[in-house]
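Data first, discussion second: the structure below is written as structure tokens.
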Amino acid sequence: MNPYRCVFQMGIEKSLEYRTNFVLTMTSSIFPIMIQTIMWTYFYGHTDATVSTGYTYSQIMVYTLLATLVSQFVSTSFAWQINEDIKRGGLNKYLVRPVHYGAYQFCSFLGEKIPQLLLLLLVAVAVIFFSVTVFGLTLSGTRVFLFVISLLFALALNFFLFFTVALTSFWLTDVNHFFATISIVFVVISGGILPLDIFGQKAMLLTKLLPFGYTTQFPVNIINGRYNLQMVGIGFLCQLFWIVFFGLLSESLWKKGLRHYVAVGG
Numbered sequence: 340m341n342p343y344r345c346v347f348q349m350g351i352e353k354s355l356e357y358r359t360n361f362v363l364t365m366t367s368s369i370f371p372i373m374i375q376t377i378m379w380t381y382f383y384g385h386t387d388a389t390v391s392t393g394y395t396y397s398q399i400m401v402y403t404l405l406a407t408l409v410s411q412f413v414s415t416s417f418a419w420q421i422n423e424d425i426k427r428g429g430l431n432k433y434l435v436r437p438v439h440y441g442a443y444q445f446c447s448f449l450g451e452k453i454p455q456l457l458l459l460l461l462v463a464v465a466v467i468f469f470s471v472t473v474f475g476l477t478l479s480g481t482r483v484f485l486f487v488i489s490l491l492f493a494l495a496l497n498f499f500l501f502f503t504v505a506l507t508s509f510w511l512t513d514v515n516h517f518f519a520t521i522s523i524v525f526v527v528i529s530g531g532i533l534p535l536d537i538f539g540q541k542a543m544l545l546t547k548l549l550p551f552g553y554t555t556q557f558p559v560n561i562i563n564g565r566y567n568l569q570m571v572g573i574g575f576l577c578q579l580f581w582i583v584f585f586g587l588l589s590e591s592l593w594k595k596g597l598r599h600y601v602a603v604g605g
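In terms of the numbering used here, the sequence shown is numbered consecutively and its last residue is 605.
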């Protein structure tokens, strides 16, 4: 059997085995959503917030409900495992097998995310139905389809982004705190908490130029109806560009890192 298919299936089994952990993680997102709901409701009720933020009340509420879920879905946890493989010699077993380490990790990561994607889509359907009913969100099948496609691109982009960061383990001694800090920073600058374009034109420009917003803010704003088809197409091209960029960068770091790797242990 193809080793990558085996790894993909193992990833699915692992995700199903630890499904309670994912459900609890998603459930914990309720509390920040509640806090933001109260905050935005008060803000929009006492100020002309639509003018200052560029989002209507329904749009900001949909963003609040979905951004946290999308951010949780595209999140990664393999960076620490890569660090352990490099520091403790666990990488040895991959180097002597006819597999590419990056492809191995990607298949495992993708397998873990498939069951989560199905669960996320069910939750997203409930959230969108609630938004249509309560907040008057207008929706179309095309927009939902584009949202799913952007979500898959966002998943691939976040993988290559974090895989690139994880490969710094070849040169750094202790990266656990570094990874934890990077994860928090990435959630913020990807729009996982607040849409960054509410901070003005410069923030909006940075969101479009940098890769981070394409992992969370871009997919959510497709559902929000803030992008027309042309803008969505440009966004897809940007996602693909950053996927290729970080894919090539990670491959370069991998080859250079192997020159520094000392195969001790494992």
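By construction, the Cβ of each residue, glycine as well, lies at the ideal position given by its N, Cα and C atoms.
Asked, Found
"Grab the span of the alpha helix (DSSP H) containing Thr386 for me, first residue to last.", "Unbroken run through Thr386: none, as it is neither H nor E."
"May I ask which residues mark the beginning and end of the alpha helix (DSSP H) holding Trp419?", "418-427"
"Got a sec? Which residues, its chain only, sit under 8 Å from Leu613 by beta carbon, not counting five neighbours each side?", "It is not possible to answer for residue 613, since the shown part of the chain is limited to 340 through 605."
"State the start and end residues of the unbroken alpha helix (DSSP H) segment that holds Gly475.", "Neither: Gly475 is in no alpha helix (DSSP H) and is coded neither H nor E."
"Which term fits Gly384, buried or exposed, when burial requires 16 or more other beta carbons within 10 angstroms of its beta carbon?", "exposed"
"So is Gln444 buried or exposed if we call it buried at 16+ other beta carbons inside 10 Å?", "buried"
"Is it buried or exposed for Trp581, if we count other Cβ within 10 angstroms and need 16 for buried?", "buried"
"What is the DSSP secondary structure of Gly539, reduced to helix, strand or coil?", "coil"
"With burial defined as no fewer than 16 other Cβ atoms inside 10 Å of the residue's Cβ, what is the status of Thr503: buried or exposed?", "buried"
"Measure from the alpha carbon of Tyr394 to the alpha carbon of each residue in Gly572, Arg565, Glu423, Val473, then state which is nearest.", "Arg565"
"What would DSSP say about Tyr394, mapped onto helix, strand or coil?", "coil"
"In terms of residues, what are the limits of the alpha helix (DSSP H) holding Trp581?", "568-599"
"Suppose you measure from the CA of Ser410 to the CA of Val526; what does that come to, to the nearest Å?", "7 Å"
"For Arg344, does the three-state DSSP call read helix, strand or coil?", "helix"
"Take the Cβ of Gly402 as the centre, count every other Cβ of all protein chains shown within 10 Å, and call the residue buried at 16 or more, exposed below.", "In the sequence as displayed, the identity of residue 402 is Tyr instead of Gly. Label assigned to Tyr402: buried."
"Give the single residue among Phe412, Ser589, Phe492, Leu457 whose Cα lies nearest to the Cα of Cys577.", "Phe492"
"Which word fits Gly605, buried or exposed, when buried means at least 16 other C-beta atoms lie within 10 angstroms of its C-beta?", "Residue confidence is low: Gly605 scores 49 on pLDDT, short of 50, so the model does not pin down where it sits. Its coordinate-derived value is still stated next. Label assigned to Gly605: exposed."
"Using the Cβ count rule (16 or more neighbours within 10 Å means buried), how would you classify Thr299?", "A question about residue 299 goes unanswered here, because the residues of the chain that appear run from 340 up to 605."
"Would you check if the segment 446-460 and the segment 406-420 touch, i.e. whether three or more CB-CB distances between them fall below 8 Å?", "yes"
"Within 10 Å of its beta-carbon, does Asp424 have 16 or more other beta-carbons around it, so buried, or fewer, so exposed?", "buried"
"On the criterion of 16 or more Cβ atoms from any shown chain inside 10 Å, does Ala418 qualify as buried, or is it exposed?", "buried"
"Going by C-alpha to C-alpha distance, which of Gln375, Phe469, Ser489, Ala519 sits closest to Ser416?", "Ala519"
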